[in-house]
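Heads up: the protein sequence lines correspond to chains S and F, in order.
Just so you know, the first sequence maps onto residues 5 to 328 in this note's numbering.
Just so you know, the second sequence maps onto residues 5 to 328 in this note's numbering.
Written out below as structure tokens is the structure these notes cover.
Protein chains: 2
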Amino acid sequence: MRIDGLQYANWSETIFRQMRDGGLDAVHVTVAYHETFRETVLQLERWNRWFERHPDLILRGSTAADIDHARDTGRTAIFFGAQNPSPIEDDIGLVEILHRLGLRFMQLSYNNQSLLATGCYEAEDPGLTRMGRAVIAEMNRVGLVVDMSHSADRSTLEAAEVSARPIAITHANPAAWHPARRNKSDAVLRAVTARGGMLGFSLYPHHLKDGSACTLDSFCRMIAETADRYGVEHLGIGSDLCQDQPDSVVEWMRVGRWTKDIDYGEGSAAAPGFPPMPDWFRDNRDFGRLAEGLAAVGLSHAEIEGVMGGNWYRFFAANFGPAP
Amino acid sequence: MRIDGLQYANWSETIFRQMRDGGLDAVHVTVAYHETFRETVLQLERWNRWFERHPDLILRGSTAADIDHARDTGRTAIFFGAQNPSPIEDDIGLVEILHRLGLRFMQLSYNNQSLLATGCYEAEDPGLTRMGRAVIAEMNRVGLVVDMSHSADRSTLEAAEVSARPIAITHANPAAWHPARRNKSDAVLRAVTARGGMLGFSLYPHHLKDGSACTLDSFCRMIAETADRYGVEHLGIGSDLCQDQPDSVVEWMRVGRWTKDIDYGEGSAAAPGFPPMPDWFRDNRDFGRLAEGLAAVGLSHAEIEGVMGGNWYRFFAANFGPAP
């Protein structure tokens, strides 16, 4: 079982074939960064076209059972997520609408303050807003997973506590390994995993120790240490792969329509674009290397199966439908 | 089995209870007259609230199997439809999106010219547009039924011919019985029913011979004659019940935002509002009287079962999902 907890590639038949080459049974794909509801629906329409054109490679994922179906038929199940609550605008009723349209993850904030919570680049984090608490309850009701990958610490700790169901950090690494703004503190990782939540390890170079030069060994030792600390059953991959995207897309991710200035986010004026991927993880075809790397640092077969997809599978199975 | 092929009431717990009193297993409800996509989604959000608040009375209908489930649990299954293609705007991708959100019928035009077809109040009917043909193919693909209740004759005949799957006139009567603008010619009824399509008999007084004074006997004799002419298996009820609506709603239906003037549609300056219903069909509680009336004019038990719901049930079962 191989599941990737986050990608935002410039989708194409080439990439869907590479998913098959890499043995991906399921991928959580981003459909919105700053998009309004209508703009998000346009992204879903694009996916409908891809499902129609490539029925031999991909299928729509709604429940964990769709992953089984994908495996049985040699395809990859695609699950939708939003990195910002912008798709629900100011309307809590859109939570159920978007869930019905296939949304399974939604971040409560993306770098900035949102209507729901604070992003990790704000100077102050006042915690969950009134609407944030209401929306978490609604997300819990329908089975839309709270994702706090780009949120600030206090908001994340409150979300973990307020949410009646486990939450996720789909793509980030422990700050103890690499103290990037987007990586997560021990307090956050403990709060999320202690309540059954998941951490997806990111391969985005800004989240890696030594960036693009990070070694597979360093990455896998970090996973082994995180497993020792928080429990291997809460860990998966969330590669944050942005394959074949032009640099204009990383600018959209960072700037959206919220400022007229340039904001480099994790980049800089000297390196404004997407950083090069580590040579041991170029794209979807390299997922097997991660499994090899985890074996090399001593994880058991069962632990590797869990990190490579089994843990996400169980999490999807428990959290993508109405609360029991 | 009792199914109503069209209603647009001012929904309330009272009406949902009256549906139960009338033994309604399923109702096709209108969610858009002139609404844009986003405005239609707001209507779907309202339905989500009603489903959440009244789980003992109603449930969301997606397939005919939901009608069985509704019967087994003493509830009414609610199926969504649009009386105009305004919800898809100029975007064919919204056909699949709205089908996924539960839309099961869509009229190609409502009184006026639309992007797809001509409405029954236009002076000229040039037939299906280029987009109209493309959208019919897409509706056929996903299982969204073409409804031509408010369309003009040529457009309707072309839709019946172009559509690879049967189409419906969810709410109208034969013009031979009562020559109203909205009632349908022999040519239209023959084209629709010859290809497996359905006619739902309307109880909206403007569609009835003698209007609000129409007798149950006259209405049921008309049904018996229509059965003789076109085949009873193609017939159902489409009451067009607009219970508890203020007259501002019939003005919205007629005028939308397409004119600044008043258009009385089937009404007149002297009678601009909703006409009073016949005393034998006040609301959902009176469906049993229709069955009695049909028995009184000589229909068999099996024929009555078909007209009261069995025929719609088979049509729903065959046409609400992807083409086989």
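Even for Gly, the Cβ is constructed at its ideal location relative to N, Cα and C.
Could you check how far apart the C-beta atoms of residue 192 of chain S and residue 143 of chain S are, in whole angstroms? I think they sit under 8 Å. About 19 Å separates the two Cβ atoms, so there is no contact after all.
I'd like to know whether the C-beta atoms of residue 55 of chain S and residue 63 of chain S end up nearer to each other than 8 Å. yes
Give the single residue among S/203, S/222, S/44 whose Cα lies nearest to the Cα of residue 209 of chain S. S/222
Residue of S/218, S/245, S/197 minimising C-alpha distance to residue 231 of chain S: S/197
If we cut at 8 Å on Cβ distances, does residue 33 of chain S have a partner in chain F? no
Can you have a look at residue 17 of chain S and say buried or exposed, based on whether 16 or more other CB atoms are within 10 angstroms of its CB? exposed
Cβ-Cβ separation, residue 324 of chain S to residue 67 of chain S (assumed contact under 8 Å), whole Å: 6 Å
Could you check the C-alpha separation between residue 60 of chain S and residue 249 of chain F for me, to the nearest Å? 49 Å
Is there contact between the segment 274-293 of chain F and the segment 9-26 of chain F, where contact requires at least three CB pairs shorter than 8 Å? yes
Contacts that residue 105 of chain S makes with chain F (C-beta to C-beta distance below 8 Å): 101, 104, 105
With 9 Å as the limit, tell me which residues of the segment 21-50 of chain F have their beta carbon closer than that to any beta carbon of chain S; keep them in chain order. 41, 42, 45, 46, 48, 49, 50
Count the other CB atoms, across all protein chains shown, that sit within 10 Å of the CB of residue 266 of chain S; report buried if there are 16 or more and exposed otherwise. exposed
Check whether residue 65 of chain F and residue 36 of chain F have beta carbons under 8 Å apart: no
Using the C-alpha atoms, what's the distance from residue 146 of chain S back to residue 216 of chain S? 39 Å
On the CB-based measure, 16 or more other CB atoms within 10 Å of its CB, does residue 128 of chain F come out buried or exposed? exposed
To the nearest angstrom, how far is it from the Cα of residue 238 of chain F to the Cα of residue 202 of chain F? 5 Å
Contact between the segment 39-48 of chain S and the segment 113-122 of chain S (3+ Cβ pairs under 8 Å): no
List the residues that DSSP assigns as beta-bridge partners of residue 109 of chain S. S/85, S/149
Which runs of the beta strand (DSSP E), 3 residues or longer, sit entirely within the segment 119-201 of chain S? 149-151
As assigned by DSSP and simplified to three states, the class of residue 101 of chain F: helix
Candidates S/152, S/168, S/169, of which the one nearest residue 175 of chain S by Cα: S/152
Can residue 185 of chain F and residue 38 of chain F be called in contact, C-beta distance under 8 Å? no
Endpoints, beta strand (DSSP E) assigned at residue 64 of chain S: 62-64
To the nearest angstrom, how far is the alpha carbon of residue 8 of chain S from that of residue 308 of chain S? 14 Å
Consult DSSP for residue 294 of chain F and reduce its assignment to one of helix, strand or coil. helix
Outcome for residue 130 of chain F when other beta-carbon atoms lying within 10 angstroms are tallied against a minimum of 16: exposed
For residue 97 of chain F and chain S, any beta-carbon pair shorter than 8 Å? yes
From the beta carbon of residue 187 of chain S, is the nearest beta carbon of chain F less than 8 Å away? no
Who are the Cβ neighbours of residue 167 of chain F in its own chain at under 7 Å, not counting the five residues just before and after it? 140, 144, 150
For residue 235 of chain S, I'd like the list of residues in its chain whose CB is within less than 7 Å of its CB, leaving aside the five on either flank, ordered along the chain. 197
Quick one: list the residues of chain F neighbouring residue 52 of chain S, beta-carbon separation under 7 Å, in chain order. 97, 100
What are the boundary residues of the alpha helix (DSSP H) that residue 32 of chain S is part of? From DSSP, residue 32 of chain S is part of no alpha helix (DSSP H) but of the beta strand (DSSP E) over 30-36.
Taking 7 Å as the limit between beta carbons, can you name the residues of its chain near residue 189 of chain S, skipping five residues before and five after? 157, 179
Return yes when the Cβ of residue 317 of chain F is within less than 8 Å of the Cβ of residue 110 of chain F, no when it is not. no
Whole angstroms are fine: how far does the CA of residue 112 of chain F sit from the CA of residue 161 of chain F? 12 Å
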